[in-house]
Amino acid sequence: MENLKNIAPIEDFNWDAYESGDAVTNVSKEELEKAYDSTLNKVNDREVVDGTVIAMNKREVVVNIGYKSDGIIPLSEFRYNPDLKVGDTVEVYIENQEDKKGQLILSHKKARATRSWDRVNAALENEEIIKGYIKCRTKGGMIVDVFGIEAFLPGSQIDVKPIRDYDVFVGKTMEFKVVKINQEFKNVVVSHKALIEAELEQQKKEIIGKLEKGQVLEGTVKNITSYGVFIDLGGVDGLIHITDLSWCRVSDPREVVSLDQKLNVVILDFDDEKKRIALGLKQLTPHPWDSLDPNLKVGDHVKGKVVVMADYGAFIEIAPGVEGLIHVSEMSWSQHLRSAQDFMKVGDEIEAVILTLDREERKMSLGIKQLKADPWETIEEKYPVGSKHTAKVRNFTNFGVFVEIEEGVDGLIHISDLSWTKKIKHPSEFTQIGADIEVQVLEIDKENRRLSLGHKQLEENPWDVFETVFTVGSIHEGTIIEMLDKGAVVALPYGVEGFATPKHLVKEDGSQAQLDEKLEFKVIEFNKDAKRIILSHSRIFEDAAKAEEKAEKKATKKSSKKEEAPMIQNQAASTTLGDIDALAALKEQLEGKK
11 MENLKNIAPI EDFNWDAYES GDAVTNVSKE ELEKAYDSTL NKVNDREVVD
61 GTVIAMNKRE VVVNIGYKSD GIIPLSEFRY NPDLKVGDTV EVYIENQEDK
111 KGQLILSHKK ARATRSWDRV NAALENEEII KGYIKCRTKG GMIVDVFGIE
161 AFLPGSQIDV KPIRDYDVFV GKTMEFKVVK INQEFKNVVV SHKALIEAEL
211 EQQKKEIIGK LEKGQVLEGT VKNITSYGVF IDLGGVDGLI HITDLSWCRV
261 SDPREVVSLD QKLNVVILDF DDEKKRIALG LKQLTPHPWD SLDPNLKVGD
311 HVKGKVVVMA DYGAFIEIAP GVEGLIHVSE MSWSQHLRSA QDFMKVGDEI
361 EAVILTLDRE ERKMSLGIKQ LKADPWETIE EKYPVGSKHT AKVRNFTNFG
411 VFVEIEEGVD GLIHISDLSW TKKIKHPSEF TQIGADIEVQ VLEIDKENRR
461 LSLGHKQLEE NPWDVFETVF TVGSIHEGTI IEMLDKGAVV ALPYGVEGFA
511 TPKHLVKEDG SQAQLDEKLE FKVIEFNKDA KRIILSHSRI FEDAAKAEEK
561 AEKKATKKSS KKEEAPMIQN QAASTTLGDI DALAALKEQL EGKK
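Structure, rendered in structure tokens:
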């Protein structure tokens, strides 16, 4: 009541105007507005000021900047800050103090963008931890909204562990550290990994300091590669090589472990700085060789599965983690080179014989050819000298043909034993690899496991007949089938070939005989053992000329001897004739007188 007594009445208060709502006092409206404006903050358009969040809903945020009206900002502009609450101070950009509806228009996004570059640079300089909103994925990483700037978060900087699914981070607000800024292109790179590396580094030092060979630790499968598995030991990474995952053969580490799997591992080795740590998993289980049947010995038959193939042989697993090698030379009694893939393939179930067994070295060699009898043990009985067989051509050399009569029984046909008549320069002229060829056993070399074979011996030696046909001096028609520097090869009747040197190829007109020309040839040499016939075309007309010349000389000589005797005889004969003439004349005279 005392307070009311102190209130002085307004003498000129117009109660009628008050009731009509026109005015309360005689103080002018302008004065009242000035008085009201003096209580408000002075703001300008396109200015950044701080405001206070006074209300929020699912779509909008109401911000008071001390102006006559509050501004409304979409909640989406604060998605980088999910912890926003009533009472928080936020920066806003005044776009318009009053729109057509008298509403204050504010923007938080533009306010952040106006100050963002300075803030980002300050964050880099002060190594400040800032918040950012992950907007979307991009090639190699993520796009992060930091102070309204789109910064790049590399995939390798999201976490210390490799990230397999980037999409789970989209829409999250996380803490980051600015690690790089390109001032020229306004590019910003941030990292979340950098925030946790310092803590992990301390943990890593503690773990590394306690590492010892043979120590068993629990780890988590961090990454799986074709060559092994990386294990996180709590900030320190180690590698289990694929060969140390299991005592059995492992083609893919995923057969043994899976991502994020927790397992115990043993430390096998590490470098001096303990940066590279080799781990083992199989070493925590007993070695399969230790449980191998103690009664197993050389000569025993075992069954197993082909697990690895190589050109030189095959590895057979006869028990989990226990393997033996079958060398390709132990797969067949055959001597010629072949590949192990010709006999078996991965996955085949086979039976083999133990050839060697070393339990200390954990090595075993096997063989499969020993399951069959060695054909050379009874070679003289099965392939005696003189016997005839069909063989398959396996290989050529300059001096002959290697053939196989049966698996493990090889032989050589010398080039000189291919044909009686043809002069073969290379076996490929006579046969081809893979072809069948008839052979006769000429000689057995059991020690070196090789047969000496012949092909021409299957036929009679035609040179016995040729000896009576192509006698020295005989003349035969032949065709020149090959021209060489030293002469020409001539095809003669009965499939035999002869040879003529250049001087014996000169024709009677002085020209040289040519390829494919058919001429007569005289045999001037026949060598049955060397199977050689030497021919001459020139000798035919040369010998004829000599014979004619000789005949002329002989006739001349004979006529010269006859000339002396006939002269005497002629004299006598002339006398006789004279006498006859005289008698004739006398006879005529006598007849005339009559």
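FYI, in our numbering the residues of the sequence shown are 11 to 604. Using N, Cα and C, we set each Cβ at its ideal position, and we do this for glycine too.
{"query": "Cβ pair Tyr-143, Thr-183 closer than 8 Å", "result": "yes"}
{"query": "Whether Glu-222 touches Ile-277 by CB criterion (8 Å)", "result": "yes"}
{"query": "Burial state of Gly-488 (16 or more Cβ within 10 Å)", "result": "buried"}
{"query": "Residue range of the beta strand (DSSP E) that includes Lys-145", "result": "139-148"}
{"query": "For Ala-561, the three-state DSSP class (helix, strand or coil)", "result": "helix"}
{"query": "Val-96 beta carbon less than 8 Å from that of Lys-65", "result": "One point to set straight first is that residue 65 is Ala, not Lys, in the sequence displayed. Yes. Within cutoff."}
{"query": "Segments of 3+ residues assigned as beta strand (DSSP E) that fall wholly inside the region 390-440", "result": "398-407, 410-416 and 419-424"}
{"query": "Separation of Asp-175 from Val-154, as counted between CA atoms", "result": "17 Å"}
{"query": "Within 8 Å, strictly: CB atoms of Glu-624 and His-514", "result": "Here the chain has residues from 11 to 604 only, and residue 624 is not among them."}
{"query": "Beta-carbon proximity list for Val-419, same chain, < 6 Å, skipping 5 on both sides", "result": "Pro-385"}
{"query": "Beta bridge counterpart(s) of Ala-324 as assigned by DSSP", "result": "Met-319 and Ile-336"}
{"query": "Rounded straight-line distance, which links the Cα of Ile-550 to that of Lys-560", "result": "15 Å"}
{"query": "From Val-413, Glu-340 and Pro-394, residue whose alpha carbon lies closest to that of Gln-380", "result": "Glu-340"}
{"query": "Leu-452 and Val-395 closer than 8 Å at C-beta", "result": "yes"}
{"query": "Whole-angstrom distance between Asn-91 and His-251, CA atom to CA atom", "result": "45 Å"}
{"query": "Nonlocal neighbours in the same chain, by C-beta distance under 7 Å from Asp-321, ignoring five residues either side", "result": "Ser-349 and Ala-350"}
{"query": "Selection from Phe-157, Val-156, Phe-179 and Ala-123 that minimises the alpha carbon distance to Cys-146", "result": "Phe-179"}
{"query": "Cβ contact (3+ pairs, closer than 8 Å) linking the region 298-306 and the region 327-334", "result": "yes"}
{"query": "Residues bridged to Gly-238 (per DSSP)", "result": "His-251"}
{"query": "8 Å Cβ shell around Ala-45 - same chain, five flanking residues per side excluded", "result": "Residue placement at Ala-45 is flagged as unreliable, the pLDDT there being 49, under the threshold of 50; the coordinate-derived value follows with that caveat. Cβ neighbours of Ala-45 beyond the five flanking positions: none."}
{"query": "Cβ-Cβ distance between Leu-116 and Ile-83 below 8 Å", "result": "yes"}
{"query": "Cβ-based burial, Ile-364 [other Cβ within 10 Å; buried from 16]", "result": "buried"}
{"query": "First through last residue of the beta strand (DSSP E) which encompasses Asp-155", "result": "151-156"}
{"query": "Boundaries of the alpha helix (DSSP H) in which Leu-205 is found, first to last residue", "result": "203-219"}
{"query": "Of the listed residues Gly-309, Lys-313 and Glu-333, nearest to Trp-257 (C-alpha basis)", "result": "Glu-333"}
{"query": "Backbone secondary structure at Asp-553 - three-state DSSP", "result": "helix"}
{"query": "Val-499 and Phe-509 closer than 8 Å at C-beta", "result": "yes"}
{"query": "Nearest-angstrom Cα separation, counted from Ser-429 out to Glu-469", "result": "9 Å"}
{"query": "Spatial distance of Ser-484 from Lys-532 (CA atoms)", "result": "6 Å"}
{"query": "Alpha carbon of Val-231 to alpha carbon of Leu-249, nearest angstrom", "result": "10 Å"}
{"query": "Close beta carbons around Glu-391, own chain, < 7 Å, minus the five adjacent residues each side", "result": "none"}
{"query": "Spatial distance of Lys-187 from Arg-372 (CA atoms)", "result": "55 Å"}
{"query": "heavy atom of the ligand HEM below 7 Å from Glu-414 C-beta", "result": "As far as ligands go, the structure on display features none, and thus does not contain the ligand HEM."}
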